[in-house]
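Everything below concerns the one structure shown next.
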Amino acid sequence: MQYDPIKRVLGNVFNQTPALRRLFYNMLDLLLLRTWHVHKELKAWAKGKENAPVKILDAGSGYGQYTYFMSSMLPKAEILAVDVKEEQIADSNRFFKEINRADRVNFAVADLVTFQQPNTYDLALSVDVMEHILEDVEVFKNIHASLKPGGMILISTPSDQGGSDVHEGDDSSFIEEHVRDGYNIQEIQDKLKLAGFSKTEARYSYGKPGQVSWRLSMKYPILMLGTSKAFFALLPFYYVLTFPVSFILNWFDANKKHPTGTGLIVKAWK
Numbered sequence: 025m026q027y028d029p030i031k032r033v034l035g036n037v038f039n040q041t042p043a044l045r046r047l048f049y050n051m052l053d054l055l056l057l058r059t060w061h062v063h064k065e066l067k068a069w070a071k072g073k074e075n076a077p078v079k080i081l082d083a084g085s086g087y088g089q090y091t092y093f094m095s096s097m098l099p100k101a102e103i104l105a106v107d108v109k110e111e112q113i114a115d116s117n118r119f120f121k122e123i124n125r126a127d128r129v130n131f132a133v134a135d136l137v138t139f140q141q142p143n144t145y146d147l148a149l150s151v152d153v154m155e156h157i158l159e160d161v162e163v164f165k166n167i168h169a170s171l172k173p174g175g176m177i178l179i180s181t182p183s184d185q186g187g188s189d190v191h192e193g194d195d196s197s198f199i200e201e202h203v204r205d206g207y208n209i210q211e212i213q214d215k216l217k218l219a220g221f222s223k224t225e226a227r228y229s230y231g232k233p234g235q236v237s238w239r240l241s242m243k244y245p246i247l248m249l250g251t252s253k254a255f256f257a258l259l260p261f262y263y264v265l266t267f268p269v270s271f272i273l274n275w276f277d278a279n280k281k282h283p284t285g286t287g288l289i290v291k292a293w294k
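Residue numbering for the sequence shown follows the numbering used here, beginning at 25 and increasing consecutively.
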């Protein structure tokens, strides 16, 4: 499944006005289960730092929704958001200028395999990025170097327990852009320690409730859109029926511990 064509269509629709882009962010916050998990961890990290001049690196910013969330939650934070996609970077810089946050939020084109700003950031965020990068240990080393002592990286990524919708050895990834189907929970912690991190924590996300929600809210709509753009007209009706179920499943997934899951939430400290 190629996401980029669908992303471009969504970008063209929701980048027309700041109000539409905010609406898009709110929709992603509700629909994407990983957002529930990431927001929960970000709120825990930000507790007591609401008025602190912290520096944050959004390493693989995508649409910029997490930078938007962090800049709203931490009004004195200085955030650098980087990505390799020039169009998304330009769109994000324009949006944050329009909402008067460009003085403390900047988006830049950068390759995480080579990007490094030593001892600069209190927090680095990497959401659904590492499964796209073959040289993962190099990226972890660069982020480790870029964090201040005591700084933390927060990672959301697929696990090897069915991440990318791969459940058997001969399955192919649902998302063709992935260079790996998912991380073993011990593997990613070992790689982070190899990169220099002194402490790691990892837990599963996308347990049984989340896997059902993901199929309802993401997999099936994307498969339909991949077949024909005409399905965009049907999406509102589809989500009217499925969203209440997905919302309840997302809540259970984000608030319960899972013995296994298709996603991982990983934290590591310098």
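C-beta: ideal position from N, C-alpha, C; glycine also.
Review point. According to the neighbour-count rule (16 or more other Cβ atoms, all chains shown, within 10 Å of its Cβ), is Ala83 buried or exposed?
Key: buried
Check your understanding: How is Leu54 classed by DSSP in three states: helix, strand or coil?
Key -> For Leu54, the three-state secondary structure derived from DSSP is helix.
Review point. Per DSSP, what kind of secondary structure is Tyr230 in: helix, strand or coil?
Key: coil
Review point. Should the stretch 106 to 118 be regarded as contacting the stretch 164 to 177, the criterion being three or more beta carbon pairs within less than 8 Å?
Key: no
Check your understanding: Which parts of the stretch 143 to 178 are runs of the alpha helix (DSSP H), unbroken and 4 residues or longer, counting only runs that do not cross its ends?
Key -> 160 to 170
Check your understanding: What beta strand (DSSP E) runs, 3 residues minimum, are completely inside the stretch 58 to 96?
Key -> 79 to 83
Point to revise | Boundaries of the beta strand (DSSP E) in which Phe256 is found, first to last residue | key: No beta strand (DSSP E) holds Phe256; DSSP gives it neither H nor E.
**Study point:** C-beta atoms of Val290 and Ala226 nearer than 8 Å
**Key:** yes
Check your understanding: Buried or exposed: Tyr244, going by 16 or more other Cβ atoms within 10 Å of its Cβ?
Key -> exposed
Review point. Taking the C-alpha atoms as reference points, what is the distance between Tyr230 and Thr286?
Key: 5 Å
Point to revise | His191 in three-state terms, based on DSSP | key: With a pLDDT of 45 at His191, under the threshold of 50, the modelled position of this residue cannot be trusted, and the question is left open.
Exercise for review: Identify which residue in Gln210, Lys165, Pro99 has its Cα closest to the Cα of Lys294.
Suggested key: Selected option, being the one with the closest Cα: Lys165.
Check your understanding: Count the other CB atoms within 10 Å of the CB of Ala105; is the residue buried (16 or more) or exposed (fewer)?
Key -> By the C-beta density criterion, Ala105 is buried, having at least 16 other C-beta atoms within 10 angstroms.
**Study point:** Close-in-space but distant-in-sequence residues of the same chain around Thr91 (CB under 7 Å, 5 per side omitted)
**Key:** Asp82, Ser85, Ile103, Ala105, Val129
Check your understanding: Hey, Ala148 and Phe221 are a contact pair by Cβ (cut 8 Å); roughly how many whole angstroms apart?
Key -> Contact doesn't hold; Cβ gap of about 11 Å is too wide.
Review point. Per DSSP, what kind of secondary structure is Ala292 in: helix, strand or coil?
Key: It is a strand residue.
Review point. By how many angstroms is the C-alpha of Leu178 removed from the C-alpha of Gln141?
Key: 17 Å
Check your understanding: Helix, strand or coil: how does DSSP classify Lys100 here?
Key -> coil
Point to revise | Identified DSSP bridge partners for Asp107 | key: Val133
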